[in-house]
Amino acid sequence: MQEYASRLEHYTRFELVELAEASGRKLKPGDAKAAEAEAILSRRKPQDWLVALDERGKSLDSVEFSRYLGKAQTGAKDLLFVIGGDEGLEDSVRQAAHLTLSLSRMTLPHRLARLVLIEQIYRAFTLLKGEPYHK
120 MQEYASRLEH YTRFELVELA EASGRKLKPG DAKAAEAEAI LSRRKPQDWL
170 VALDERGKSL DSVEFSRYLG KAQTGAKDLL FVIGGDEGLE DSVRQAAHLT
220 LSLSRMTLPH RLARLVLIEQ IYRAFTLLKG EPYHK
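Note that this note's numbering has the sequence shown beginning at 120, numbered continuously upward.
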């Protein structure tokens, strides 16, 4: 993670934010998911394109993903990528998303999903710049 985060500094501002788990509070089943959705949506700014990661989302190859990133840059949009908690993302987050993206149809552990995502973001920038990283 740190390696790719430092590489991304060459191309863009990158920030990893982890929200506190709502499940630690005394909530009824399903309430944790709603509390997490509220916390996620409250962080969104008007210039953000929310990208929700979900195994039921759209599959893009690396070149298609780089084009999406380029379109966001051209439109002066910030991308806010969201990986849900243990229960997944609430429908309200997916509905608010500009894109629901699947890294895989398989369920991935959060840390692995983060690593795959940040590597693909780095790969996308190298593709946009015509650099040799993407083989």
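C-beta: ideal position from N, C-alpha, C; glycine also. Note that the structure is predicted; figures quoted are calculated from it, not measured.
Here the alpha carbon of G176 sits roughly 16 Å from the alpha carbon of H229.
CA-CA distance, S221 to G249, rounds to 25 Å. In the DSSP annotation of this structure, the continuous segment of the beta strand (DSSP E) that includes S221 starts and ends at L218 to S221. Annotated as proximal: A156 and E209, with beta-carbon spacing under 8 Å.
Taking the Cβ atoms as the reference, L198 lies roughly 5 Å from A191, within the contact range of under 8 Å.
Between H217 and W168, the beta carbon gap of about 4 Å places them in contact (Cβ cut-off 8 Å).
Non-local beta-carbon contacts of L247 in its own chain, meaning distances under 6 Å to residues more than five positions away in sequence, involve S185 and G189 in chain order. Shown here, K177 sits in a strand according to DSSP, grouped into three states.
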